[in-house]
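Residue numbers (this note's numbering), protein chains in the order written: chain Y, 1 to 373; chain Z, 1001 to 1373.
We put the CB at the ideal spot given by N, CA and C, even for glycine.
So the structure is just underneath, and the comments pick up after that.
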């Protein structure tokens, strides 16, 4: 069976590719907007199509609790429920459940937890999270994994790797739907030997794609970049590589440089709700008084509808007046900016210009709130 | 000078007309979406164009305090600031200031008040509210009036009428900009003699349009309908008549039946934010559990983009999950529904079918939360 991923070109470790999924092709590198509860916060599917998003992420944990798999199935699946006819990837719920900490209990069988909404008792097993994601009809499902917070002990990392492999096998065995591609998740913390073991054990199971999990969970930026690059180097060249939880301009550039193809993060939409505007020259705190009479767009290099239509002054006013339109416009811009950044990265990789493009995005400034002007 | 209003046809007291303003024609009866702080909450100008809104309302009081006339003027006026190239009407700020009660002090000169935002001291005079609205570059400005809460004493009503006329004269004298049409506001509470006096005194000043103020402020529905109809009957047939603060389906139908041409109200957008969906068969509390698996649209008779795209189940989920997209979608639908209601009312009046149309909108059910189903 041919794989779902075609590697189109490479430039150093950076890769350009195409991911063929049930709801259409996805050009990579690709950033996936996060739609936790069956909605990218504040935006419609038409908004996402404006900047040609081809795949979004939604969360098993949240959908499991509300509105539940039965409701979504009855409404025709997740695509129909939210009126999104392009691809959807769901996470396995593992990450959310592990962040519950005191409200969950882990065994080789699975993980029992209590809902953050009403305290009700639930259990995730490798089998039931695969069944749930298949029931939603998603295009990419994630295997149930064990994600540990960093820093942690080497014993805990080894246990997480062991259980992740055990569960990965059971997830593979539980599949019933060919239109849903199941990805395995490499764990191993900041330990190269553990990452290597986890990758080898999962590669032996021949997943159609691999995620790099257990990063962006409290480690330093240097550790993140080093481990993402190291783990990517362990993975098959003909399979997509997805770094979970990464979404600042700087981190995306570094991870693409290390050979990663896919990303998701709440960062652009959370920033959008909080008045933090992403630009290629650094983030802006749009409420800042210096923007109150600034007639220019959020980012003069951005071609999105928000930058074409509204001034910094107006968006600054919306946030200072606590108007709903502010979060909507800034979430749109932030996602459109990352979509354009990914498109430019693909072009650069395809034309052998990756290093120049990468270096044109000044890394030191990228996550600081830039001076207004 | 020809007036701004052309009466196209009548059917009983109901009127169909065209209002020619600086940013294009407005077919009447027309409902004006409220954009208090230079934004119709949650919606973009493109959204408003979807259902062919031709005029929106914004609030002098709010814009005066934030972002202020200087900022808006520097950004090219209110149209440019909010990227809306159709008509804008601003109220005079009188209504908001009078609702401050303990924080304002009234004299024949004007009204001194303290900001609800920071307690800072301000004063509205007939002259400065006209100058402010002209500075914003709006298409319709409202004269500063004295609005009394109901019930009240006949002395207070008479004083409000006296001051409203005094200020109306000063507003007329303060005009400097021909592209801004100034409307006078008829006061007089629930007293027909006072309404008659107020209307006569304002008509003598020859405003290009007249508002019916001081209603929808606590009186019964019967009193509202009776006084709106009575006041409309006092006004010149060749001038537009604007009933302030009315916006339920039932109230709009009753007021059109009484000869009113223009309306504004926060009702559809406030309901939209709170999960109350307007339909021609009554309002729906969309969070209601009975809608959780309802695959139908909000209103099966509605042709708006939200009803064409999303189910009650999905919108119900958005509200139960406290997702921003819920208020956005429902605000859009509620305004689109009123826009379509106005378009149908215009057609009915134009074809002599007003009474049948009016009676097809079952009045008793219209403001109750209808049973789901």
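Nearest residue (CA-CA) to residue i, options the options
i: residue 337 of chain Y; options: Y:354, Y:324 and Y:301; result: Y:301
i: residue 1096 of chain Z; options: Z:1048, Z:1156, Z:1245 and Z:1237; result: Z:1245
i: residue 142 of chain Y; options: Y:149, Y:194 and Y:125; result: Y:125
i: residue 1283 of chain Z; options: Z:1272, Z:1292, Z:1289 and Z:1189; result: Z:1272
i: residue 1314 of chain Z; options: Y:39, Y:8 and Y:94; result: Y:39
i: residue 1359 of chain Z; options: Z:1253, Z:1343 and Z:1333; result: Z:1253
i: residue 1293 of chain Z; options: Z:1276, Z:1161, Z:1317 and Z:1018; result: Z:1317
i: residue 1120 of chain Z; options: Z:1104, Z:1231, Z:1088 and Z:1134; result: Z:1104
i: residue 202 of chain Y; options: Y:177, Y:190 and Y:236; result: Y:236
i: residue 1311 of chain Z; options: Z:1330, Z:1155 and Z:1324; result: Z:1330
i: residue 1323 of chain Z; options: Z:1258, Z:1042 and Z:1263; result: Z:1042
i: residue 59 of chain Y; options: Y:197, Y:132, Y:9 and Y:114; result: Y:132
i: residue 100 of chain Y; options: Y:12, Y:17, Y:279 and Y:62; result: Y:62
i: residue 1193 of chain Z; options: Z:1210, Z:1227 and Z:1176; result: Z:1227
i: residue 1341 of chain Z; options: Z:1157, Z:1285, Z:1256 and Z:1117; result: Z:1256
i: residue 1326 of chain Z; options: Z:1286, Z:1086, Z:1356 and Z:1231; result: Z:1286
i: residue 229 of chain Y; options: Y:213, Y:260 and Y:211; result: Y:260
i: residue 1210 of chain Z; options: Z:1188, Z:1225 and Z:1243; result: Z:1243
i: residue 213 of chain Y; options: Y:86, Y:45, Y:94 and Y:83; result: Y:94
i: residue 1027 of chain Z; options: Z:1002, Z:1197, Z:1044 and Z:1087; result: Z:1087
i: residue 190 of chain Y; options: Y:205, Y:151 and Y:113; result: Y:151
i: residue 1046 of chain Z; options: Z:1018, Z:1083, Z:1115 and Z:1020; result: Z:1083
Contact set for residue i: own chain, Cβ-Cβ below 6 Å, skip 5 residues either direction
i: residue 22 of chain Y; result: 139 and 179
i: residue 1309 of chain Z; result: none
i: residue 1368 of chain Z; result: For residue 1368 of chain Z, the predicted structure reports a pLDDT of 48, less than 50, and the residue's modelled location is therefore unreliable. The matter cannot be settled from this model.
i: residue 222 of chain Y; result: none
i: residue 1033 of chain Z; result: 1040, 1053, 1056 and 1335
i: residue 373 of chain Y; result: Legend: pLDDT at residue 373 of chain Y = 34, less than 50; position of this residue unreliable, value from coordinates given subsequently. So no residue of the chain qualifies.
i: residue 1265 of chain Z; result: 1245, 1246 and 1247
i: residue 345 of chain Y; result: 29 and 256
i: residue 1111 of chain Z; result: 1097, 1104 and 1124
i: residue 1347 of chain Z; result: none
i: residue 1275 of chain Z; result: 1286, 1287 and 1319
i: residue 232 of chain Y; result: 241, 258, 259 and 260
i: residue 225 of chain Y; result: 254
i: residue 160 of chain Y; result: 146, 148 and 187
In DSSP terms, what residue i is bridged to
i: residue 262 of chain Y; result: Y:30 and Y:242
i: residue 1200 of chain Z; result: None, per the DSSP bridge assignment.
i: residue 1209 of chain Z; result: Z:1183
i: residue 124 of chain Y; result: Y:111
i: residue 1082 of chain Z; result: Partner(s): none; residue 1082 of chain Z has no beta bridge.
i: residue 1105 of chain Z; result: Z:1112
i: residue 1284 of chain Z; result: Z:1277
i: residue 1024 of chain Z; result: Z:1021
i: residue 1142 of chain Z; result: Z:1183
Neighbourhood of residue i by C-beta distance below 8 Å, restricted to the same chain and skipping five residues each side
i: residue 1364 of chain Z; result: Its pLDDT being 48, under 50, residue 1364 of chain Z is placed unreliably by the model, and the measurement read from it follows with that caveat. Correct list: empty, nothing qualifies.
i: residue 1207 of chain Z; result: 1143, 1168, 1172, 1182, 1183, 1184 and 1239
i: residue 9 of chain Y; result: 15, 16, 349 and 350
i: residue 279 of chain Y; result: 298, 299, 301, 302, 337 and 370
i: residue 305 of chain Y; result: 50, 332 and 336
Assumed close pair residue i, residue j - CB separation to whole angstroms, cut-off 8 Å
i: residue 339 of chain Y; j: residue 31 of chain Y; result: 7 Å
i: residue 1290 of chain Z; j: residue 1234 of chain Z; result: In fact, because the Cβ distance is near 46 Å, the residues do not count as touching under 8 Å.
i: residue 328 of chain Y; j: residue 1328 of chain Z; result: 7 Å
i: residue 1013 of chain Z; j: residue 1258 of chain Z; result: 6 Å
i: residue 195 of chain Y; j: residue 186 of chain Y; result: 6 Å
i: residue 1108 of chain Z; j: residue 1166 of chain Z; result: 6 Å
i: residue 1025 of chain Z; j: residue 1019 of chain Z; result: 7 Å
i: residue 1137 of chain Z; j: residue 1078 of chain Z; result: 6 Å
Chain-order list of residues whose beta-carbon lies under 7 Å from that of residue i (same chain, five-residue window excluded)
i: residue 384 of chain Y; result: Examination of residue 384 of chain Y is not possible in this model, given that chain Y is present from 1 through 373 alone.
i: residue 371 of chain Y; result: For residue 371 of chain Y, the predicted model reports a pLDDT of 40, less than 50, meaning its position is unreliable; a value from the coordinates is still stated below. Around residue 371 of chain Y: no qualifying Cβ.
i: residue 1353 of chain Z; result: none
i: residue 135 of chain Y; result: 69 and 73
i: residue 170 of chain Y; result: 126 and 127
i: residue 1394 of chain Z; result: One cannot answer for residue 1394 of chain Z here, as it falls past the ends of chain Z, which runs 1001 to 1373.
i: residue 307 of chain Y; result: 297, 298, 299 and 333
i: residue 1092 of chain Z; result: 1060, 1129, 1142, 1143, 1144 and 1145
i: residue 1164 of chain Z; result: 1145, 1146, 1185, 1187 and 1198
* Determine contact between the segment 64-84 of chain Y and the segment 292-299 of chain Y, defined as no fewer than three beta-carbon pairs at a distance below 8 Å. => no
* To do: Determine, using beta-carbon pairs with one atom in the segment 1051-1064 of chain Z and one in the segment 51-62 of chain Y, whether at least three such pairs fall under 8 Å.
  => Output reads no: the segment 51-62 of chain Y does not touch the segment 1051-1064 of chain Z.
* Meets three-Cβ-pair contact criterion under 8 Å: the segment 147-155 of chain Y and the segment 217-227 of chain Y -> yes
* With contact counted as at least three CB pairs below 8 Å, one residue from each stretch, are the segment 1258-1278 of chain Z and the segment 1327-1337 of chain Z in contact? -> yes
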